[in-house]
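**Student:** When we follow numbering that gives the first Met the number 0, the leftmost residue of the sequence shown carries the number 0, and every step to the right adds one.
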Amino acid sequence: MPRRHETRARRTLVAAAVEMALCTTAFAQAQPDVAPPATVSTTPEPQGAVVVVTGARAALAKSLDLKRNADVIQDSISATELGRFPDDNVADSLTHISGISVSRTRGGEGQYINVRGLGSGYNIVTLNKRILATDGDGRDFAFDVLPSEVISGADVMKSAEAAQMEGSIGGSVNLRSARPLDIPGFRSSVRFEGEHNDLSRNNGGKLSGVVSNTFNNNTMGVLVGAVFSKRKVRTDSLGYQTYNADSPGSVDVNGDGAIGPGESNLLAPCCISFGSVFEEKKRSALSGAFEWKVTPQFKMIVDGLATRLDSPQVGYQQSYYVEHAPGRWSDIVVKDRLVTGMTVHDLVPEMSNVTTDRVVDTMQFGWRGEWKPTSRLKLNGDIYRSTSKRDSGGKDTFVVAGIAGHNTGYYRANNGAFPDIRVTLEDGRDLATELAAGRLGNKDYGIHFTGLTGNDIKDTIDGASLDGRLAMDGTWHIDGIQFGASGTSRKKDRNSIGNEKSGGACQYCDMYSTTFASLGADVVRPMTLPNYMRNAGGSFPGSFIAFDVPAYFRALQSLNGKPVLDAEGNPTGDTFDVSRSQPVFVPTDSYSVREKTATLYGQLELSGDNWNGNVGMRVVRTRTTSKSAIDQIVAIDDPTPNIPTSSPTVTYSPAVPVSEDGSYTKLLPSANLSWWAREDFVVRAAVAKVMARPSLDKLAPTRTDNTLDRTYLLSIVGDPKLKPTEAVQQDISVEWYYRPKSAITAAVFAKQIKNFVTYQTDEHVDIGVPGYLYTVTHPVNGDKARVRGIEIGIQHLFDNGFGINAKFAKTLTRAYQNGAYVGQLEGVAPTASSLGFLYERNGINASISFDYTGEYTQSTNVIAGFPNKVDALTWVTASASWDVTRNVTVFVEGKNLGDAEMRSSLGRPDALYGFETWGRTYVAGMSVKF
0 MPRRHETRAR RTLVAAAVEM ALCTTAFAQA QPDVAPPATV STTPEPQGAV
50 VVVTGARAAL AKSLDLKRNA DVIQDSISAT ELGRFPDDNV ADSLTHISGI
100 SVSRTRGGEG QYINVRGLGS GYNIVTLNKR ILATDGDGRD FAFDVLPSEV
150 ISGADVMKSA EAAQMEGSIG GSVNLRSARP LDIPGFRSSV RFEGEHNDLS
200 RNNGGKLSGV VSNTFNNNTM GVLVGAVFSK RKVRTDSLGY QTYNADSPGS
250 VDVNGDGAIG PGESNLLAPC CISFGSVFEE KKRSALSGAF EWKVTPQFKM
300 IVDGLATRLD SPQVGYQQSY YVEHAPGRWS DIVVKDRLVT GMTVHDLVPE
350 MSNVTTDRVV DTMQFGWRGE WKPTSRLKLN GDIYRSTSKR DSGGKDTFVV
400 AGIAGHNTGY YRANNGAFPD IRVTLEDGRD LATELAAGRL GNKDYGIHFT
450 GLTGNDIKDT IDGASLDGRL AMDGTWHIDG IQFGASGTSR KKDRNSIGNE
500 KSGGACQYCD MYSTTFASLG ADVVRPMTLP NYMRNAGGSF PGSFIAFDVP
550 AYFRALQSLN GKPVLDAEGN PTGDTFDVSR SQPVFVPTDS YSVREKTATL
600 YGQLELSGDN WNGNVGMRVV RTRTTSKSAI DQIVAIDDPT PNIPTSSPTV
650 TYSPAVPVSE DGSYTKLLPS ANLSWWARED FVVRAAVAKV MARPSLDKLA
700 PTRTDNTLDR TYLLSIVGDP KLKPTEAVQQ DISVEWYYRP KSAITAAVFA
750 KQIKNFVTYQ TDEHVDIGVP GYLYTVTHPV NGDKARVRGI EIGIQHLFDN
800 GFGINAKFAK TLTRAYQNGA YVGQLEGVAP TASSLGFLYE RNGINASISF
850 DYTGEYTQST NVIAGFPNKV DALTWVTASA SWDVTRNVTV FVEGKNLGDA
900 EMRSSLGRPD ALYGFETWGR TYVAGMSVKF
């Protein structure tokens, strides 16, 4: 057999030919049969003579070639044509790769990815090998910010090499944008589409276009792409259902006057809130690239991307505080320590309007140059900046109103469904009936909670790298030496602005008897929605109330200067002032984290008869500075502890600024080996030490507490002393490319993880507040975790146009803390699979995909030792298109055709903890190529 650099050269030529045929806008029909061998011509072809192969089959073929020619264990996904990714969302497309699962945001859109079961915090996402800034608290990249039209492909590297950017344990994802010199000549296309969702019955649309051209004898090229979309989505969800570990604690269930067996150490529901969230997503993006081959030895590219996601949310939720208080419960039902039913006296049925302001501006631009000073030496330089900015401070609202009186509620938990909730108002009216008839309004609802919160977040990343490769003559099996250095400087600031900690949110708490009508205000709007809480199960009011929030606050102004009364109606000596409800800067929930990294690496490229590989070392130096502020709870004044909807007055000490530095240096060795048993059969093995840095917000000691809710929970979010998570990982894969565009692959992997970041919960902690004990949660480095898994994949493209693409992954984990086994690693989906069928022939294209994520544990201890377990989910998508002419294509698509929903519980079916349903979305559109 030839040596590595000879066999690989042939494979690379084929891959290059396929890639060249796919990276551009399609002018020709998709080819149903195996494409003829690529030829090299010395005579320039007239412009437009290039036959471009596009479509799902061609994209799968390209992805398979990328996998086959990779130096590491890798999976890839490619655009079906320039400006068109396989799915509308990049994260959804990645789920077609073995071992990839996704978590979804409002509307069901993929937002974060898991690789080999490990959550987004264990993975790194780059664009053109550059780190992307994010609008969240951590490093996790939110894919809903990025339109898929600006991406030409994505590579998921599952094994590591020294030349690869550090920061990932599950896998590294590199998104690739298109380059104008990939295909010479002029290419352009326009695509427009409309959509309809069957849950919300709302519509949306998208318009995108791309232009690419080369000139100056194809040594220069320009590519520009733009996209604008507007969608109205609705998500029906459980806002929260919280439980109390200490309330009721012990209760006389059977009424015999004594606490008997099964009547102590009880867990009970406190509060439940659910409803519909409306979101108008406006997403726009502009991308561009200028590529120039200055000389045969030097070429450069300048590229940039700017996106804006304008995605405000408005939620309407009905809320019921069924929390225990002396004499408040009767008809109590207990099952295995959980209170599953009760009659609740003096229940105030509340309605909440919750808004979230999310306008995110993300940008990345950079310069990259490649220079070949000699025939053996190649140098690559790269410099870039990436920013993300979100100004939401004080713009989010949580406004609550309720119906006063001696109302009676009935709560019954159900298995695998929402609880049954019924309320009889003091005057005998049934809440659900009155809401459905639209008979409840300003004369019924009174003022309560007026929360104003939100964060201003700015993330700035500057990066530079210099990489080189020195070709060798094969002595000692060394084909080349790769080397390089890089550095990044990242600064993330979060300014929290709100009125809850200052007490302004609860200035009007429990004033339900002060109705909007009594204030002369028109605030309340009855609402009934189609398909409300579809698939939720249970029985509860099917209509609700919406508020005019500005009118709500205008109504509060009429109380300015009037005396504040206590629970008995006596003046407290204070007066109302709506200005005290305005949001203010919250230093203890704000932070600034600065992180600087410097790396050096060296890597040997090795080969022999039938084998090739690499071995190398990466040295990483990281320095951090974290700034925040801390305070202490000085006193709690709670004059009405038996009124569940009231809140105590909390006094805090002045916030004291804190700043702490940290640093660490890590050596990350790696080795990869590929053995070609035949031209179509390769066995790969890899071993490496890898690392994932703590989330940025977990490096700042911010803290919040739930004293106003009387849950007495202190959450310490970060710790500057957290260590990076480290792992030693081993991978073996077998790949059989038994026919063109088809393969059967299998891989096994193992990871020995240490210092993984988790949260420790300490209960009954004395934090220095007389008479109160708190539950304290804080991040810690766990002892260790073990991850083992297997991946199997098959891709087969038949000559008759049909094809199948199936992937399966199984991941097993064991986590330890303080030397004790604590269960599965949190957030790891043990099972993920994908099954896709496609047909492509004579201008007709059709496909259907089933992406499955198995049940997993999101948190091992939510409350009193109960875990949060997320149910399995299958996401079904389908599409069909017809090439009306060579340049015009019409298409239809369907998303979530199985009407899947997210559902979680406290490890038992009668303890609901999470729920979201999104509905099915249907898309129709047209693309035109010029």
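C-beta atoms are modelled at their ideal positions from N, C-alpha and C, and glycine is treated no differently.
(1) Looking at C-alpha atoms only, which residue of 444, 487, 456 and 482 is the closest neighbour of residue 517?
(2) Helix, strand or coil, according to DSSP, for residue 25 in the structure here?
(3) Helix, strand or coil for residue 147, going by three-state DSSP, please let me know.
(4) Alpha carbon to alpha carbon, what distance is there between residue 201 and residue 230?
(5) Please look up how many angstroms separate the CB atoms of residue 837 and residue 55, rounded, as I've assumed it's under 8 Å.
(6) Check whether the segment 288 to 304 touches the segment 362 to 380, taking contact to mean three or more Cβ pairs, one atom from each stretch, closer than 8 Å.
(7) Is any beta-carbon of chain B found at less than 7 Å from that of residue 435?
(8) Rounding to the nearest angstrom, what Cα-Cα distance links residue 154 and residue 645 in this structure?
(9) Out of 102, 635 and 421, point me to the one whose CA is closest to residue 116's CA.
(10) Tell me, which residues are paired with residue 677 by DSSP?
(11) Curious, which full-length beta strand (DSSP E) runs of at least 3 residues does the segment 186 to 261 contain?
(12) Is it buried or exposed, residue 766, if we count other Cβ atoms within 10 angstroms and call 16 or more buried?
(13) Around the C-beta of residue 405, are 16 or more other C-beta atoms found within 10 angstroms, so that it is buried, or is it exposed?
(14) Where residue 806 and residue 376 are concerned, what is the direct C-alpha to C-alpha distance, given to the nearest angstrom?
(15) In its own chain, which residues sit with a C-beta less than 8 Å from the C-beta of residue 556, not counting the 5 before and 5 after it?
(16) Start and end of the alpha helix (DSSP H) containing residue 500?
(17) On the three-state DSSP scale, how would you describe residue 476?
(18) Where does residue 849 fall in DSSP's three states?
(19) Which value, in whole angstroms, describes the spacing of the CA atoms of residue 798 and residue 290?
(20) If you measure between the beta carbons of residue 832 and residue 851, is that distance less than 7 Å?
(21) Which same chain residues, not among the five before or five after residue 904, have their C-beta less than 7 Å away from its C-beta?
(22) Can you grab the Cα-Cα spacing for the pair residue 467 / residue 379, in whole Å?
(23) Where does residue 554 sit, in a helix, a strand or coil, going by DSSP?
(24) Ignore the nearest five residues each way along the sequence and tell me which others in residue 599's own chain have a CB closer than 6 Å to its CB.
(25) CB residue 782 to CB residue 751, shorter than 7 Å?
(26) With a Cβ-Cβ cutoff of 7 Å, do residue 142 and residue 90 count as a contact?
(27) Buried or exposed, going by whether 16 or more other CB atoms sit within 10 Å of the CB of residue 929?
(28) By Cβ distance below 6 Å, which residues in the same chain neighbour residue 403 in space, the five residues on each side in sequence not counted?
(29) Take every Cβ of the segment 490 to 505, pair it with every Cβ of the segment 336 to 346, and state whether three or more of those distances are shorter than 8 Å.
(30) Can you check DSSP and say which residues form a bridge with residue 895?
(31) Using the Cβ count rule (16 or more neighbours within 10 Å means buried), how would you classify residue 265?
(32) Taking the alpha-carbon positions, what's the residue 20 to residue 181 distance?
(33) If you follow the alpha helix (DSSP H) that residue 431 is part of, which residue opens it and which one closes it?
(34) Within this structure, are the beta carbons of residue 712 and residue 639 separated by less than 7 Å?
(35) At 3 residues or longer, and completely inside the segment 97 to 122: list those beta strand (DSSP E) runs for me, N to C.
(36) What is the DSSP secondary structure of residue 424, counted as helix, strand or coil?
**Tutor:** Working from what's here:
(1) The shortest C-alpha separation from residue 517 is found at 444.
(2) At residue 25 the pLDDT is 34, less than 50, meaning the model places this residue with poor confidence; the figure from the coordinates comes in the next sentence. If DSSP states are grouped into helix, strand and coil, residue 25 belongs with coil.
(3) If DSSP states are grouped into helix, strand and coil, residue 147 belongs with the helices.
(4) Each residue's alpha carbon lies about 8 Å from the other.
(5) Correct: roughly 5 Å between the Cβ atoms.
(6) With a cut-off of 8 Å, the segment 362 to 380 and the segment 288 to 304 count as touching, because enough Cβ pairs lie within range.
(7) Given the protein chain composition of this structure (a single chain), no chain B is represented.
(8) If I take the Cα positions, the gap works out to 53 Å.
(9) If we check each option's Cα against that of residue 116, 102 comes out closest.
(10) According to DSSP, residue 677 bridges with 680.
(11) Runs found: 186 to 196, 202 to 214 and 219 to 248.
(12) Around the beta carbon of residue 766, fewer than 16 other beta carbons lie within 10 angstroms, which makes this residue exposed.
(13) Label assigned to residue 405: exposed.
(14) Approximately 40 Å, taken between the alpha carbons.
(15) Same-chain partners within the cutoff: 577.
(16) Here residue 500 belongs to no alpha helix (DSSP H), and DSSP marks it neither H nor E.
(17) The DSSP-derived three-state label of residue 476 is helix.
(18) DSSP places residue 849 in the strand class (E or B) of the three-state scheme.
(19) For the pair residue 798 and residue 290, the Cα-to-Cα distance works out to about 37 Å.
(20) Contact flag set, yes.
(21) The answer, listed in chain order, is 868, 910, 911 and 912.
(22) Rounded to whole angstroms, residue 467 to residue 379 spans 6 Å at the Cα level.
(23) The DSSP-derived three-state label of residue 554 is helix.
(24) Excluding sequence neighbours, residue 599 sits near 484 and 618.
(25) No. Outside cutoff.
(26) At a Cβ-Cβ threshold of 7 Å, residue 142 and residue 90 count as neighbours.
(27) With fewer than 16 other Cβ atoms within 10 Å, it is exposed.
(28) Taken in chain order, the residues that qualify are 445, 511 and 512.
(29) Counting Cβ pairs under 8 Å, fewer than three are found: no touch.
(30) Note: residue 895 sits in no beta bridge, so no partner.
(31) Answer is buried; the Cβ neighbour count reaches 16.
(32) Residue placement at residue 20 cannot be trusted, given a pLDDT of 35 that sits under 50; what the coordinates show is reported in the next sentence. CA-to-CA, the gap between residue 20 and residue 181 works out to about 9 Å.
(33) It spans 430 to 436 - the alpha helix (DSSP H) in which residue 431 sits, taken as one unbroken run.
(34) For residue 712 and residue 639, no; Cβs fall outside 7 Å.
(35) Here the runs fully enclosed are 99 to 103 and 109 to 114.
(36) Here residue 424 sits in coil by DSSP.
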